[in-house]
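Student: Taking our numbering, the leading residue of the sequence shown gets 32, the next gets one more, and so forth.
Note that the Cβ used here is the ideal one computed from N, Cα and C, for glycine as well.
First the structure, which I've put down as structure tokens, then a few questions once you've had a look.
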Amino acid sequence: RQHARCPPPDRGLVPSMVVFKAVLALLLGASLAMTFVLSLYIWKNDKDRDHSDTIRKRFISMGLCCVVSPIPLFVFIRAYDIQANTFQWLGVTLEGLPSALVIPLALTAMLFLGPLVDNFILHPESGYSQPLDLRNVRNYVVAPLAEELVFRACICSLLVLGGWSHGFAGIVGPLMFGFAHLHHVLEHMRHAGHGLNKALQIAGFQTCYTTLFGMYASFLFLRTGHLIAPFLSHAFCNYMGLPEVRNLTKSPYKVLLRFSYITGILGFIVGIYPLTNPNWYNPHIWYYQ
């Protein structure tokens, strides 16, 4: 089905106001990213990030961010008399929901076909059974939901509303998301006992792969217009972790593993655009420009 395109977003604005609107959206997005990180450190706490006290306090911080972050988006929509309500821009809508629940997650799982075969078929004894504790609730529910709400639903939407292109929003938003993870340098030095260079290396690697994931999550959000799509993929990726690529050379089933990895990657590449066809989801954000 075809979605009726929205009117030009900057119709009626003089050039100086168009620039102001774009800069304002960028600054608001950066402020939300900074607020999200700083909120994790408002508590006086000398325990590491996996301690139950730290996790509980950060749950509160992330919850507050989830409440506050949509406010600039709401004000922006009202100030510029933009079509659609705030919930639609946040990706909370019933339209296209069945597709958004299943297809993007299946696409993400295709990318992990190799690790899935390795862990559930070739080595089922290793499994992925994990206890329902605070750490796992954080990793698979609270953190993915909070991060996707702030960095995708709020920041990406603000950038698009500000007149920036989908491509710009899909790159700059994830860069904010990636650099937000640099705060782990402090934790690696304070609690893991690493020196500055080692801490920077670890945090730098985290920043790189979280930025790449952020680009993919933003792609899902912009193409589907649903918060649930990047959230489920984020939780799934956290659950799977980084692939054990050493098994590609050391496993007795290395031929099957290599075939699974190659098939999954090729399937992902071939399917990424067809399976995120906006016409399947009717995303308001995609048709705004």
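How long is the line joining the alpha carbons of MET147 and PRO261, rounded to whole angstroms?
Tutor: As a first step, residue 147 is located in the sequence shown; it is residue number 116 there, counting from the start. As a first step, residue 261 is located in the sequence shown; it is residue number 230 there, counting from the start. Residue 147 is actually Leu in this sequence, not Met. Cα to Cα, LEU147 sits roughly 20 Å from PRO261.
Student: Given this structure, state the Cα-to-Cα distance separating LEU69 from LEU176, to the nearest angstrom.
Tutor: The sequence position of residue 69 within the sequence shown is 38, counting from 1. The sequence position of residue 176 within the sequence shown is 145, counting from 1. So the two alpha carbons sit approximately 18 Å from each other.
Student: What separation, rounded to the nearest whole angstrom, lies between the Cα atoms of LYS229 and THR238?
Tutor: Residue numbering aside, residue 229 sits at position 198 when the sequence shown is read from its first letter. Residue numbering aside, residue 238 sits at position 207 when the sequence shown is read from its first letter. Roughly 14 Å between the two C-alpha positions.
Student: For LEU58 and ILE296, which I take to be in contact (beta-carbon distance under 8 Å), what is that distance rounded to the nearest angstrom?
Tutor: Along the sequence shown, one-based indexing puts residue 58 at 27. Along the sequence shown, one-based indexing puts residue 296 at 265. About 38 Å; that fails the 8 Å criterion.
Student: Taking 8 Å as the cut-off, does the stretch 80-96 touch the stretch 233-247 (at least 3 CB pairs, one atom from each stretch)?
Tutor: No, because fewer than three Cβ pairs between the stretch 233-247 and the stretch 80-96 fall closer than 8 Å, the two stretches do not touch.
Student: Do the stretch 115-132 and the stretch 305-312 make contact, defined as three or more Cβ pairs closer than 8 Å?
Tutor: The answer is yes - the stretch 305-312 touches the stretch 115-132, with three or more Cβ pairs under 8 Å.
Student: Consult DSSP for GLY256 and reduce its assignment to one of helix, strand or coil.
Tutor: Position 225 of the sequence shown holds residue 256. Residue state, collapsed to three classes: coil.
Student: Ignore the nearest five residues each way along the sequence and tell me which others in VAL203's own chain have a CB closer than 7 Å to its CB.
Tutor: The sequence position of residue 203 within the sequence shown is 172, counting from 1. Same-chain partners within the cutoff: LEU190.
Student: Using beta-carbon positions only, say whether LEU258 and ALA56 come within less than 8 Å of one another.
Tutor: On the sequence shown, residue 258 is found 227 positions in, with the first residue counted as 1. On the sequence shown, residue 56 is found 25 positions in, with the first residue counted as 1. No, the Cβ-Cβ distance between LEU258 and ALA56 is not below 8 Å.
Student: Quick check on the burial criterion: 16 or more other C-beta atoms within 10 angstroms. Buried or exposed for VAL181?
Tutor: Here the question's residue 181 lines up with position 150 in the sequence shown. Under this definition VAL181 is a buried residue.
Student: Can you give me the start and stop residues for the alpha helix (DSSP H) that TRP120 sits inside?
Tutor: The sequence position of residue 120 within the sequence shown is 89, counting from 1. Start and end: 117-120.
Student: In the stretch 62-122, which residue ranges form an unbroken alpha helix (DSSP H) of at least 4 residues, counting only runs that do not cross its ends?
Tutor: Segments of the alpha helix (DSSP H) lying fully in the stretch 62-122: 83-99, 101-110, 117-120.
Student: Can you check which of these residues, LEU104, ALA137, LEU163, is closest to ALA184 by C-alpha distance?
Tutor: The sequence position of residue 184 within the sequence shown is 153, counting from 1. Ranking the options by Cα distance to ALA184, first place goes to LEU104.
Student: Taking just the CA atoms, how far does GLN161 sit from LYS281?
Tutor: Counting from 1 along the sequence shown, the entry for residue 281 is found at position 250. Counting from 1 along the sequence shown, the entry for residue 161 is found at position 130. Computed Cα separation, rounded: 26 Å.
Student: Can you look up PHE205 in the DSSP assignment and give me helix, strand or coil?
Tutor: Locating residue 205 in the sequence shown gives position 174, where the first residue counts as 1. In the sequence as presented, Phe is not what sits at residue 205; that position holds Pro. If DSSP states are grouped into helix, strand and coil, PRO205 belongs with the helices.
Student: Based on Cα-Cα distance, which residue from GLY302, PRO274, PRO305, THR307 lies nearest to TYR292?
Tutor: Here residue 292 corresponds to residue number 261 of the sequence shown, with the count starting at 1. It is PRO274.
Student: How would you label ALA35, buried or exposed, when you count the other beta carbons within 10 angstroms and need 16 or more for buried?
Tutor: Position 4 of the sequence shown, counted from the first residue, corresponds to residue 35. Any reading at ALA35 must be qualified, since the residue scores a pLDDT of 46, below 50, and its modelled position is unreliable; the value itself is stated next. That one is exposed.
Student: Classify MET48 as buried or exposed, calling it buried when 16 or more other Cβ atoms lie within 10 Å of its own Cβ.
Tutor: On the sequence shown, position 17 is the one that residue 48 refers to. Its Cβ having fewer than 16 others within 10 Å, MET48 is exposed.
Student: When you compare each of VAL98, ASN167, THR242, PHE267 to ASP81 by their alpha carbons, which one comes out closest?
Tutor: Position 50 of the sequence shown holds residue 81. Of the candidates VAL98, ASN167, THR242, PHE267, the one whose C-alpha sits nearest the C-alpha of ASP81 is ASN167.
Student: If you follow the alpha helix (DSSP H) that ARG289 is part of, which residue opens it and which one closes it?
Tutor: Numbered from its first residue, the sequence shown carries residue 289 at position 258. Here the alpha helix (DSSP H) through ARG289 covers 285-302.
Student: Rounded to whole angstroms, how far is the Cβ of VAL172 from the Cβ of ALA266, which I believe are closer than 8 Å?
Tutor: For the purposes of this step, residue 172 is taken as the residue at position 141 of the sequence shown. For the purposes of this step, residue 266 is taken as the residue at position 235 of the sequence shown. Contact flag correct, Cβ pair sits at about 7 Å.
Student: Could you check where the alpha helix (DSSP H) with THR280 kicks off and where it finishes?
Tutor: Indexing the sequence shown from 1 puts residue 280 at position 249. Per DSSP, THR280 belongs to the alpha helix (DSSP H) from 278-281.
Student: Among LEU279, LYS285, GLY198, ALA174, which one has its Cα closest to the Cα of LEU263?
Tutor: Residue 263 sits at position 232 when you count from the first residue of the sequence shown. Nearest C-alpha to LEU263: ALA174.
Student: THR66: which of GLU178, LYS78, GLN114, LEU153 sits nearest, CA to CA?
Tutor: Numbered from its first residue, the sequence shown carries residue 66 at position 35. For the residues GLU178, LYS78, GLN114, LEU153, the minimum Cα distance to THR66 belongs to GLU178.
Student: Nearest to ALA64 by alpha carbon, out of PRO101, TYR319, LEU306, ASP164?
Tutor: Position 33 of the sequence shown, counted from the start, is the residue given in the question as residue 64. With distances taken between Cα atoms, ALA64 lies closest to PRO101.
Student: Does the Cβ-Cβ distance between LEU253 and GLY201 come in under 8 Å?
Tutor: Numbered from its first residue, the sequence shown carries residue 253 at position 222. Numbered from its first residue, the sequence shown carries residue 201 at position 170. In this structure, GLY201 lies closer than 8 Å to LEU253 by Cβ.
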